[in-house]
Every structure is written in structure tokens, then in C-alpha cells.
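In my numbering, the protein residues as written are 13 to 520. Note that CB positions come from ideal geometry on N, CA and C, so glycine has one too. Quick notes on the structure that follows.
Now the structure itself:
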């Protein structure tokens, strides 16, 4: 029992880590493709920067809609669907000859796959650790896959482009993203272990004989009878590959082996099992009640999705939600943070190559942001046990802001490497602590709604930040001004957070 329970939790974290590694590896390696697409499509930097802006922002825009969907259909279905959509969109992008069409394939379609992957992973981890024991550590390990993905994918993508061109690189990447489907099956295996723990043998109506044949007691559910009065249809709860059914209510108790029947186990919302299906004695033809059970299953999932969607948005209709000054202030910070933090992510590679830095070394600089973010997420997560999360958030914004403001003054490669790593460390605070801060300023009941608004505003900032920074370069001919503006805004975020620190401490 103990081992099975912990196997389920470990598998959930592994699946979530894999999802974040692949999804953010795709998202934050877009800077490499941005530089490539500048030469391929011959568009302005502002126009080309819209593509990374879409990949950064659209998954967050879609969060309020996809999260309820992933919760209703389950992490297995959500991650498998996300992996298929993401891989397909990247593969289709290799055939695109227009930047505007690329907005649709790599911008919009890929974003749907990305958000399905993110949502499925975080929902699986949250449900897997619903007792809240080690939930913080599990979440930290899961999202640290983001930093690992960024660290690995940037130099790897640059290597693929140098050998196979960008079309070949996208083809190989699309195959790699299919491994998100593997994460889905890991989630499913974790659910299987969890189900074994929840349905203890001593409390189950299912008994196993020494030959490992499951015996299930079944009550008649149909009014149709044979001429001798024996019922012809029964309800089952579980089916294994070889199952004996003991029929009650018949004149002659008998047993029937159903080794040729399909499995009757269905999954609902990753944890609940629909264990009702019907079968007919001595009849191998499909039973209409099987189709009825299927329809009822999907109807229940749709109803759950609609209900989750309503619950997610119902707090937005409350005046008290919009009168929460602390929450609104944090929303302002999140928008400004999203606006400014993407500048270095997007333009670092292109900026480095303009300084005559080798392409492989330039891609490593972006990887160092991911490495720093990974360490920052874990560090800030641990420190949040002892220091107010909003204080750490302000410190992270300040660190990242100072780095971005002065990085354009540095010309040494090793100095740039250190600056990129420290920037990643500072900006990692957002991933690690935004959930904790939202819960502090709201409540668990309105958390889904507050999270949806947070993601939406962050996405708006991402989209505007990349486009405006690209426009600043087009006007000035230098990335220095874009870095200065972004750094100043990050420092402004830290300044705005100061009153929230005071209110946080006073509340405690």
C-alpha cells in the first residue's frame, strides 16, 4: 500500500517534469528561430517579434478556457491531445512560406498544444498531492523541468538548424514533442496506482480465487427474460482479461468466462472510475447499453467542464473581487513583469550574434537563462517558507531589472554568461511564487478566477513587450534602448511591490 501510493506520486512528478521540459523547451527556444526567420521572411523586427510574442502570450490567454477542459477530461487525455496538437503544428510549420501563416501554425495552434500540456501537468500534480504533503516540493520539481528544457533546447535547436536548416530542425523537434504523449501515459499509470490504493481489496466486492480469476457478483438490471425466466443482461463493475460472473436470481446458478470481452473500466476526471457496463449472456454482438454508457461518460465530462468553467468565472461577477486593492496591485505588477521579462529571452541570441559572438556560444547564453531560472525557482520556493513571498518577488524583479538595464554595456562573453544566469535566477521568482501570492491575496474558492486573470494579463504583457521592443530596435537601430526600457520596468515592479510587503506583514 505504502509503495503503491508513493509510486503514484513519483510518476505524477515525472510526467509533469517531462511536460514542462518539452513545452518550455519549445517556448523559450523561439529566440533562435526569431533570428532565423528574420533572414528567411525578410520582415521587420517588430513584425517578426509578433511570433515569439504569440507563443509567450497565447497559452496564457487560453488558460481560463483550457484549464477547466483539462480538469474535466483528465490529465491523460489533455496531455495526449496537447502533445499531438503541438507536434502537428510544429511539423506543419516546416512547410510555411509566409510569416503571417506562421502566426497561425506556430503561433496559435502550437499555443493550444502548449497550454493543454501545461494545464494537464499542473492539474495532475495538484490532484496527485491533494493531501498537500510535499505539494510545494512536487510543484517545484515539476516546473524546474522548464529550466532544464530551456538549457537543453536552445543549443540543440541551433545545432539542428546548422545541419538540417530550419525546416529539418522543426521536423525533428515535432517528433520530440510527441514524447508529451508518453507523459500522458505516465499520468494514466499514476492514476492506476492511485486507484489501487483507493479501492482496497477488503472493501471491494471483487474477489480473486487462487487461479487469479476475478469473481464479480452481479444483480439483474434488465427486465427482458428468456422463456425460462432467466435474466439475460447484467451490470458489471470490473472486468479483467479472464472474469467469472456469478448470476444471482437465476434458477440455476452458473458462471460465464468473459475473457473475450473488452475492458469495462473507464476513467472520469483522472480519479473517478465509471464501472458500469452491461453485457448479454451468450451474445457477442455489441450491446446498445455499451454505447449508452459511452454517451453518458462524455456527457458527464462535458457537464463537468461547463461546471468548472462557471466556477472559474463566477467570482469575476463579484464587486468584492474587483475591490481587492492588493490583488489589483499584483495584477499590475504581473502585467509589467510579463511586458519586460521577455525582451532578453527573445532578443538575446540575435543581440549576441551582432556582437560577433559565435552562434553556438550565443545559444548557450539563452540556455544559461534557463539554468538560472531552474535554480531560482527552487531557491525562492524554499525561501518562501521563511520570507514573505511578495518580498522575494520584489527582490527577483529588482535583480532581473538591474541585469537587463546594464547588460548592453557588457562586451565580454563570460560577463554576458554571468549576467544571463543571474537574470534567469531573478526572473525565476515569478514561476515559483505567483500561485502562493494569489492565494495570500484571495482565497482558495476564487483562486481559479484570479489565476485566469493573472495569466491573461501576463500574456498581454508578453505580446506587447516583444512587439514594442522589436519596434524600438527598428526605430533606434539598437537593442540597448529596448533593454533599458525593460530593465526600468522590472525595477518599477519591485517598487510597486513595496506597499504590498507592508500589508503582507501587517496581515501576519
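* With distances taken between CB atoms, is the gap from residue 124 to residue 45 smaller than 8 Å? -> For residue 124 and residue 45, no; Cβs fall outside 8 Å.
* Do residue 156 and residue 390 come within 8 Å of each other at the CB atom, strictly closer than that value? -> Taking 8 Å as the cut-off, the beta carbon of residue 390 is found closer than this to the beta carbon of residue 156.
* Looking only at its own chain, which residues have a Cβ that is under 7 Å from the Cβ of residue 339, when we skip the five neighbours before and after it? -> Same-chain partners within the cutoff: 453, 454 and 462.
* Can you tell me the Cα-Cα spacing of residue 39 and residue 415, whole angstroms? -> The alpha-carbon atoms of residue 39 and residue 415 are separated by roughly 22 Å.
* To do: Could you tell me whether any Cβ in chain D is nearer than 8 Å to the Cβ of residue 315?
  => Protein chains in the displayed structure number just one, and chain D is not present.
* To do: Look at the alpha carbon of residue 471 and the alpha carbon of residue 449, and state the distance between them as a whole number of angstroms.
  => The straight-line gap from Cα to Cα measures roughly 18 Å.
* To do: Taking residue 437 as the reference, give the member of 381, 445 and 496 with the closest Cα.
  => Ranking 381, 445 and 496 by Cα distance to residue 437 puts 381 first.
* C-alpha gap between residue 163 and residue 319, whole angstroms -> Taking the straight line from one Cα to the other gives about 39 Å.
* Tell whether a beta-carbon distance below 8 Å holds between residue 60 and residue 77. => Contact: no.
* Is it true that the CB of residue 132 sits closer than 8 Å to the CB of residue 94? -> Closer than 8 Å, so yes.
* For residue 404, is the classification buried or exposed, using 16 other Cβ atoms within 10 angstroms of its Cβ as the cut-off for buried? -> Looking at its Cβ environment, which holds 16 or more other Cβ atoms inside 10 Å, residue 404 is buried.
* **Assigned exposure category for residue 327 - 16 Cβ within 10 Å defines buried** => Classification for residue 327: buried.
* To do: Compute the distance between the beta-carbons of residue 396 and residue 451, then report whether it is under 8 Å.
  => Cβ distance not < 8 Å, so residue 396 and residue 451 don't count as in contact.
* Asked: Helix, strand or coil: how does DSSP classify residue 190 here?
  -> In the structure shown, residue 190 sits in coil (DSSP, three-state: anything other than H, G, I, E or B).
* To do: For the region 104 to 114 and the region 168 to 175, state whether three or more C-beta atom pairs, one from each stretch, are separated by less than 8 Å.
  => By the criterion of at least three beta-carbon pairs nearer than 8 Å, the region 104 to 114 is not in contact with the region 168 to 175.
* Do residue 99 and residue 483 have their C-beta atoms closer together than 8 Å? -> For residue 99 and residue 483, no; Cβs fall outside 8 Å.
* Got a sec, what are the start and stop residues for the alpha helix (DSSP H) residue 109 sits in? -> It is not in any alpha helix (DSSP H) - residue 109 carries neither H nor E in the DSSP assignment.
* Which residue comes first and which comes last in the alpha helix (DSSP H) that contains residue 452? -> 425 to 453 is the span of the alpha helix (DSSP H), which, as asked, contains residue 452.
* Asked: Under the rule that 16 or more other beta-carbon atoms within 10 Å means buried, what is residue 177, buried or exposed?
  -> Of the other Cβ atoms in all chains shown, fewer than 16 fall within 10 Å of the Cβ of residue 177; this residue is therefore exposed.
* **Run of the alpha helix (DSSP H) containing residue 358, from where it starts to where it stops** => From DSSP, the alpha helix (DSSP H) with residue 358 extends over 337 to 366.
* Drop a sphere of 10 angstroms on the beta-carbon of residue 500, count the other beta-carbons inside from all chains shown, and report buried for 16 or more, exposed for fewer. => When all chains shown are included, residue 500 counts as exposed.
* Same chain only: Cβ atoms within 6 Å of residue 281, ignoring 5 sequence neighbours per side -> With a pLDDT of only 42 at residue 281, under 50, the local geometry of the prediction cannot be trusted, and the value read off the model is given with reservation. Answer for residue 281: 86, listed in chain order.
* Proximal residues to residue 491 (C-beta, below 7 Å), its chain only, five neighbours per side dropped -> If the five residues before and after residue 491 are omitted, its C-beta is found closer than 7 Å to the C-beta atoms of 359, 363, 420 and 485, all from its own chain and listed in chain order.
* Asked: Taking one C-beta from the region 509 to 516 and one from the region 425 to 437 each time, how about it: are there three or more such pairs within less than 8 Å?
  -> In short, these stretches do not touch, since the Cβ pair count stays below three.
* So, using beta-carbon positions, are residue 344 and residue 167 closer together than 8 Å? -> Going by C-beta atoms, residue 344 is not nearer than 8 Å to residue 167.
* Asked: Nearest-angstrom Cα distance between residue 187 and residue 335?
  -> Taking the straight line joining both Cα atoms gives about 48 Å.
* Asked: Taking the C-alpha atoms as reference points, what is the distance between residue 468 and residue 426?
  -> C-alpha separation (whole angstroms): 36 Å.
* To do: To the nearest angstrom, report how far apart residue 90 and residue 424 are at their CA atoms.
  => A straight line joining the alpha-carbon of residue 90 with that of residue 424 spans about 45 Å.
* **Backbone CA spacing between residue 207 and residue 56 [nearest angstrom]** => Here the C-alpha atom of residue 207 lies approximately 54 Å from the C-alpha atom of residue 56.
* What does a CB cutoff of less than 6 Å around residue 440 pick up in its chain, not counting 5 residues either side in sequence? -> Excluding the 5 residues flanking it on each side, residue 440 has same chain C-beta neighbours closer than 6 Å at 385, 388 and 389, in chain order.
* Can you grab the Cα-Cα spacing for the pair residue 53 / residue 18, in whole Å? => Their backbone Cα atoms lie some 51 Å apart in a straight line.
* residue 417 - containing alpha helix (DSSP H), residue span -> In the DSSP annotation of this structure, the continuous segment of the alpha helix (DSSP H) that includes residue 417 starts and ends at 401 to 418.
* For residue 26, I'd like the list of residues in its chain whose CB is within less than 7 Å of its CB, leaving aside the five on either flank, ordered along the chain. => Same-chain partners within the cutoff: 198.
* **Per-residue DSSP class, three states only, for residue 55** => Under the three-state reduction of DSSP, residue 55 is assigned to coil, being neither helix nor strand.
* Could you tell me how far apart the beta carbons of residue 458 and residue 333 are, in whole angstroms, since I believe they sit closer than 8 Å? => Contact between residue 458 and residue 333 is confirmed by a C-beta separation of about 6 Å, below the 8 Å threshold.
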